[in-house]
Every structure is written in structure tokens, then in C-alpha cells.
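Q: In our numbering, the protein residues as written are 2 to 373. Quick reminder that beta carbons are idealized off the backbone N, C-alpha and C, glycines included.
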Amino acid sequence: MTAAPRQMRLAVHFPVDDTVPSDPRSGSRIAFSSFEHLARTAERGLFDFLLLADALPPPDRGGPGRDPDAGRPEPLTVLAALAAVTDRIGLAATVSATFNEPYEVARRFATLDHLSAGRAAWNVTTAADARIAENFRRGGRLDRESEHARTAEFIATARELWDSWSPGGDPRPFAHHGRHFSVEGEFTVPRSPQGHPVVIRTGHCAQARESAASDADVVLTRHGTPEAGRAFRADVRGRLAAYGREPGALTVMPRAGVVLGDTDAEARERAAALRREPDRGSGVSLRQTVTGAAACRPFVGAPRTVAAEMAQRVATGAADGFVIVPHPTSGGLDGFVDRVVPLLQERGVFRTAYTGSTLRSHLGLAEPEWKG
Numbered sequence: 002m003t004a005a006p007r008q009m010r011l012a013v014h015f016p017v018d019d020t021v022p023s024d025p026r027s028g029s030r031i032a033f034s035s036f037e038h039l040a041r042t043a044e045r046g047l048f049d050f051l052l053l054a055d056a057l058p059p060p061d062r063g064g065p066g067r068d069p070d071a072g073r074p075e076p077l078t079v080l081a082a083l084a085a086v087t088d089r090i091g092l093a094a095t096v097s098a099t100f101n102e103p104y105e106v107a108r109r110f111a112t113l114d115h116l117s118a119g120r121a122a123w124n125v126t127t128a129a130d131a132r133i134a135e136n137f138r139r140g141g142r143l144d145r146e147s148e149h150a151r152t153a154e155f156i157a158t159a160r161e162l163w164d165s166w167s168p169g170g171d172p173r174p175f176a177h178h179g180r181h182f183s184v185e186g187e188f189t190v191p192r193s194p195q196g197h198p199v200v201i202r203t204g205h206c207a208q209a210r211e212s213a214a215s216d217a218d219v220v221l222t223r224h225g226t227p228e229a230g231r232a233f234r235a236d237v238r239g240r241l242a243a244y245g246r247e248p249g250a251l252t253v254m255p256r257a258g259v260v261l262g263d264t265d266a267e268a269r270e271r272a273a274a275l276r277r278e279p280d281r282g283s284g285v286s287l288r289q290t291v292t293g294a295a296a297c298r299p300f301v302g303a304p305r306t307v308a309a310e311m312a313q314r315v316a317t318g319a320a321d322g323f324v325i326v327p328h329p330t331s332g333g334l335d336g337f338v339d340r341v342v343p344l345l346q347e348r349g350v351f352r353t354a355y356t357g358s359t360l361r362s363h364l365g366l367a368e369p370e371w372k373g
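Printed below as a string of C-alpha cells:
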């Protein structure tokens with residue numbers, strides 16, 4: 002009997018650092034209509050989740066006209082609004098562990114999980130730029146090793162808070178006293194519909210792999226070839242046993258740009274045009290929209306070519322799925338949903354309907370065991 006093909010996971014990332022602001026086709030970064038269109042399109046395409054990016058400072062990349070974070074709203078607020086206009090798609094927000102506190106972050110994500118009936122996810126990041134501290138009263142930065150330790154304790158504390166309510170029961174007093182955090186009191190939000198919101202980690206280095214293996218449900222990564230993808234996935238899955246976790250407990254999803262055309266030749270020409278065309282505001286090539294930040298070789302070709310290559314990467318263990326980086330920002334996903342998703346379904350590698358209601362059910366992740 003032939004084994005069923007491995008099922009692909011799909012997400013979309015918006016806004017993205019590599020979207021050129023002056024592209025006239027790019028949607029607004031602040032208007033709710035842009036977010037609503039993307040979320041509804043991704044849900045129509047049966048995507049697992051929508052990931053909203055966030056960044057605190059406007060980094061100096063490409064000169065004064067290059068400000069990819071300008072006008073970007075706070076993601077959890079946007080997702081709370083999107084929960085009211087979507088039914089199934091997961092809602093993931095990027096929130097830094099560096100300049101926040103576990104109690105408040107745990108409370109906000111538990112609230113979103115209830116508002117969305119179990120569709121919330123937290124993309125955990127840390128501050129890589131020392132200038133970010135200037136936005137807050139605290140000064141300086143921890144060294145990298147201390148930052149990793151603090152982030153691990155941050156996530157562990159959030160999970161303890163989520164577990165302080167029994168399933169369908171009442172809260173119990175909470176107390177955590179660690180190296181970086183000391184928290185006491187009572188958590189105000191009942192246990193999440195999916196147990197815990199999904200936790201996402203990002204990174205490729207050895208420490209990022211170890212962190213993902215220890216406490217993440219999904220890891221977002223970047224690699225340029227299928228061979229690199231297979232090596233990464235095998236490595237990070239091989240680390241799970243040390244934490245008492247099964248290989249299927251972690252979903253590996255690289256970011257990937259997509260350039261479509263009616264033919265492979267037309268798609269290659271479009272990709273070449275993106276490499277040639279500069280952003281009028283900064284002189285930065287539009288190439289960054291499909292290659293720069295994604296750092297995963299983009300899928301370029303006719304829809305059938307793209308679908309075949311994506312399916313092949315999942316089938317050969319180079320990824321469990323992909324985080325699509327659309328271009329132009331809010332409208333570029335439509336072509337993928339209309340032209341590529343049906344071909345993935347035809348191949349039997351992607352769902353034809355949502356079979357569950359929570360993000361964990363979409364991703365095939367078990368609900369965390371309650372540790373009361």
C-alpha cells in the first residue's frame with residue numbers, strides 16, 4: 002500500500018522587512034483593509050496561520066528612504082480585530098521577550114486565544130539592535146548567552162502562567178522565582194482553548210536550534226538549498242529527544258518568496274525585473290522582496306512548476322511547510338492562493354478543507370499536558 006504523502010503547512014508573513022515601501026502595488030501598512038484582505042485571502046487558501054511582523058526601531062538599511070518599519074502597527078491589536086473577521090486561520094504575532102514581562106505577554110496571548118477560539122500564536126523574538134533599548138527606560142543589553150537564558154525563562158514562566166488555570170476549572174495562586182523573573186499572584190485569564198497558544202521561534206544558528214528544540218512548537222528558518230533544509234530539519238529534530246519530545250512535536254517552516262508567471266520563462270523574466278528595478282525612495286533593489294530577507298531560494302516558475310518544487314521539498318524532508326513572503330505586500334498572495342494551492346491539493350499534499358478549529362489542530366500538534 003502506498004503511503005499517503007506528507008501534508009504541507011503554509012503560512013504568510015506580513016508586513017515583511019523586504020517589501021519596498023514605494024512600490025505602488027504595495028498595500029498600506031496601517032490600514033485595516035490591508036490586513037483584512039491578506040487574512041481573508043490566506044483563510045480562503047486554507048493556510049495554517051498569518052504571521053504579523055513587528056520591530057521597534059527603524060533600522061538604517063539602504064539610506065534615508067529605506068524605513069521598512071515606518072507606519073507598522075502593534076500586531077496583537079491588529080490580530081484581535083482580525084479574529085472578528087476570520088473563522089479558522091491561525092493568528093500569530095511577533096512580540097519581543099527582551100523588553101516585555103512574562104505576565105503581561107502571557108495574558109495578552111491567552112486573551113487572543115479566547116477571542117479567536119484557539120487560534121493564537123506567539124512568535125518569540127529578542128532585540129538584536131542595541132538602539133532598541135533607547136525606546137525603553139532600561140538601558141543597555143544583556144550578552145547573548147544571558148539573553149538566551151532570559152528568553153528561555155520568559156517562555157517557561159508564560160507556560161507556567163497558562164497552566165495556573167486547570168482545564169475547565171479555577172485558577173490557583175502562582176509563584177515563580179528564577180534568575181531573571183520573580184512573579185507572584187493570580188493569573189486573570191482562564192486556560193486557553195488550545196491549552197497554550199502556539200509558540201514560534203526563529204533562527205538558524207546552533208543556539209537557535211537548541212532553543213527551538215526545547216520550547217517551540219514551530220521554528221521559522223532560512224536556507225538557500227534543499228540540502229541545507231534537510232540538514233537543518235534533521236539536526237533540530239534530532240535535538241528533541243533530549244527534552245523528552247517526539248520528532249513530530251516541532252514544525253520546521255522556512256521563509257520563501259514566490260514569483261509566478263504563465264510560463265517558467267515569464268516567471269524568470271519577472272524575477273530578473275525585480276532584481277533590476279530599484280526602489281525610487283532608497284535605491285534598494287526589489288530583489289530583496291524575493292531573495293534578500295527570505296534567504297531561501299525563491300520559487301520561480303509557472304504555478305505547476307512551483308507546486309512541484311514545493312511538494313518535492315516537503316516530501317524529501319527539507320521542510321514541513323513554508324512561510325510565504327508575498328509581493329506586492331497585500332495583493333501578492335492572491336495569485337498563489339488561486340493558482341498554486343489548487344495544484345498542491347491536486348497532488349494530495351495540502352488540505353482541501355480545515356478539519357479542526359484551533360491552530361494546533363491545523364498544525365497537527367497535540368495540546369500541551371496540563372502541569373497543575
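Using three-state DSSP, classify glutamate 247 as helix, strand or coil.
A: Within the sequence shown, the letter at position 246 stands for residue 247. Coil at glutamate 247, not helix or strand.
Q: Where in the stretch 73-97 do unbroken runs of the beta strand (DSSP E), each at least 3 residues long, occur, reported from the N-terminal end onward?
A: 91-97
Q: I want to check one thing, is the minimum distance from the CB of threonine 87 to the heavy atoms of the ligand PLP below 7 Å?
A: The ligand PLP is absent from the structure shown, which contains no ligand whatsoever.
Q: In three-state terms, what does DSSP make of glycine 258?
A: Taking the first residue of the sequence shown as position 1, residue 258 is located at position 257. Strand, per DSSP.
Q: Quick check for students: name the residue ranges of the alpha helix (DSSP H) that lie wholly in the stretch 319-353, counting only runs of 4 or more.
A: 334-340 and 342-347
Q: Just checking, does the stretch 92-99 make contact with the stretch 150-161 on the three C-beta pairs under 8 Å criterion?
A: yes
Q: Please report the residue range of the alpha helix (DSSP H) in which glutamate 154 lies.
A: As a first step, residue 154 is located in the sequence shown; it is residue number 153 there, counting from the start. Here the alpha helix (DSSP H) through glutamate 154 covers 145-163.
Q: Taking alanine 367 as the reference, which of Pro304, Ala250 and Phe233 has the closest Cα?
A: Position 366 of the sequence shown holds residue 367. Looking at Pro304, Ala250 and Phe233, the one whose alpha-carbon comes closest to that of alanine 367 is Ala250.
Q: Can you say whether valine 291 is buried or exposed, counting buried as having 16 or more other CB atoms within 10 angstroms of its CB?
A: What you label residue 291 is simply residue 290 of the sequence shown in a count that begins at 1. Reliability fails at valine 291, whose pLDDT of 44 lies under 50, so the model's placement of it is uncertain and no value is given.
Q: What residues are listed by DSSP as bridge partners for isoleucine 201?
A: Working through the sequence shown from its first residue, we reach residue 201 at position 200. Per DSSP, Asn124 and Val219.
Q: Grouping DSSP H, G and I as helix and E and B as strand, with all else coil, what is valine 301?
A: Position 300 of the sequence shown, counting from 1, holds the residue named residue 301. Valine 301 falls in the strand class under three-state DSSP.
Q: Nearest-angstrom Cα distance between glycine 293 and leucine 275?
A: If you number the sequence shown from 1, residue 293 lands on position 292. If you number the sequence shown from 1, residue 275 lands on position 274. A caution first: glycine 293 carries a pLDDT of 45, below 50, which makes its placement in the model too unreliable to give a value.
Q: Taking the alpha carbon of threonine 356 as the reference point, which residue from Asp88, Tyr104, Arg192 and Ala82 has its own alpha carbon closest?
A: Here the question's residue 356 lines up with position 355 in the sequence shown. Out of Asp88, Tyr104, Arg192 and Ala82, Asp88 has the C-alpha closest to the C-alpha of threonine 356.
Q: What's the C-alpha gap between serine 165 and serine 193?
A: For the purposes of this step, residue 165 is taken as the residue at position 164 of the sequence shown. For the purposes of this step, residue 193 is taken as the residue at position 192 of the sequence shown. Cα to Cα, serine 165 sits roughly 11 Å from serine 193.
Q: Using the DSSP secondary-structure output, state which residues sit across from glutamate 185 in a beta bridge.
A: The residue given as residue 185 occupies position 184 in the sequence shown. Glutamate 185 pairs with Ala176.
Q: On the CB-based measure, 16 or more other CB atoms within 10 Å of its CB, does glycine 64 come out buried or exposed?
A: As a first step, residue 64 is located in the sequence shown; it is residue number 63 there, counting from the start. Low confidence applies to glycine 64: its pLDDT is 47, below 50, so where it sits in the model is not reliable, and the reading given next is rough at best. Looking at its Cβ environment, which holds fewer than 16 other Cβ atoms inside 10 Å, glycine 64 is exposed.
Q: Hey, out of Trp123, Tyr104 and Arg10, whose CA is closest to leucine 53's CA?
A: Locating residue 53 in the sequence shown gives position 52, where the first residue counts as 1. Nearest in C-alpha terms to leucine 53, of all of Trp123, Tyr104 and Arg10, is Trp123.
Q: Whose C-beta lies closer than 6 Å to the C-beta of alanine 215 among residues of the same chain, with five residues either side of it excluded?
A: For this step, residue 215 is matched to residue 214 along the sequence shown. One point to set straight first is that residue 215 is serine, not alanine, in the sequence displayed. If we look at serine 215 and ignore the five residues flanking it on each side, its Cβ neighbours are Tyr244.
Q: Taking the alpha-carbon of glycine 46 as reference, which of Glu37, Leu221, Val219 and Ala12 has the nearest alpha-carbon?
A: As a working note, residue 46 is residue 45 in the sequence shown. Considering only alpha carbons, the answer is Ala12.
Q: Assuming leucine 39 contacts leucine 334 (C-beta within less than 8 Å), just tell me the rounded distance between them.
A: If you number the sequence shown from 1, residue 39 lands on position 38. If you number the sequence shown from 1, residue 334 lands on position 333. Indeed, because the Cβ distance is near 6 Å, the residues count as touching under 8 Å.
Q: Report, in whole angstroms, the separation of the C-beta atoms of proline 227 and alanine 319, which I expect to be a contact under 8 Å.
A: Numbered from its first residue, the sequence shown carries residue 227 at position 226. Numbered from its first residue, the sequence shown carries residue 319 at position 318. Contact flag correct, Cβ pair sits at about 4 Å.
Q: Throw me the rounded Cβ distance for the aspartate 49 and leucine 364 pair, which I believe falls under 8 Å.
A: For the purposes of this step, residue 49 is taken as the residue at position 48 of the sequence shown. For the purposes of this step, residue 364 is taken as the residue at position 363 of the sequence shown. About 6 Å separates the two Cβ atoms, so the contact holds.
Q: Within its chain, find whatever has a CB closer than 8 Å to the CB of histidine 205; leave out the 5 residues flanking it on each side and keep chain order.
A: Looking up residue 205 in the sequence shown gives position 204. Cβ within range, chain order: Thr222, Arg223, His224 and Phe233.
Q: Going by alpha carbons, who is nearest to alanine 272 out of Arg256, Pro255 and Arg298?
A: Locating residue 272 in the sequence shown gives position 271, where the first residue counts as 1. With distances taken between Cα atoms, alanine 272 lies closest to Arg298.
Q: By Cβ distance below 7 Å, which residues in the same chain neighbour arginine 109 in space, the five residues on each side in sequence not counted?
A: The sequence position of residue 109 within the sequence shown is 108, counting from 1. Correct list, in chain order: Leu77.
Q: Would you identify the three-state DSSP class for arginine 108, choosing helix, strand or coil?
A: Taking the sequence shown and counting its residues from 1, the one referred to as residue 108 is at position 107. Three-state DSSP puts arginine 108 in a helix.
Q: Rounding to the nearest angstrom, what Cα-Cα distance links serine 286 and alanine 266 in this structure?
A: The residue given as residue 286 occupies position 285 in the sequence shown. The residue given as residue 266 occupies position 265 in the sequence shown. The predicted model places serine 286 with a pLDDT of 45, which falls under 50 and marks its position as unreliable; any figure quoted below should be read in that light. Near 21 Å, if we compare the C-alpha coordinates of alanine 266 and serine 286.
Q: I'd like to confirm the pairing. Which residues does DSSP put opposite leucine 11 in its beta bridges?
A: For the purposes of this step, residue 11 is taken as the residue at position 10 of the sequence shown. Answer is Phe323.
Q: Give the single residue among Val326, Val237, Ala309 and Arg352 whose Cα lies nearest to the Cα of glutamate 211.
A: Looking up residue 211 in the sequence shown gives position 210. The residue with the shortest Cα to Cα distance from glutamate 211 is Val237.
Q: How many Å lie between leucine 80 and leucine 113 at the Cα?
A: Locating residue 80 in the sequence shown gives position 79, where the first residue counts as 1. Locating residue 113 in the sequence shown gives position 112, where the first residue counts as 1. Cα to Cα, the separation comes out at about 8 Å.
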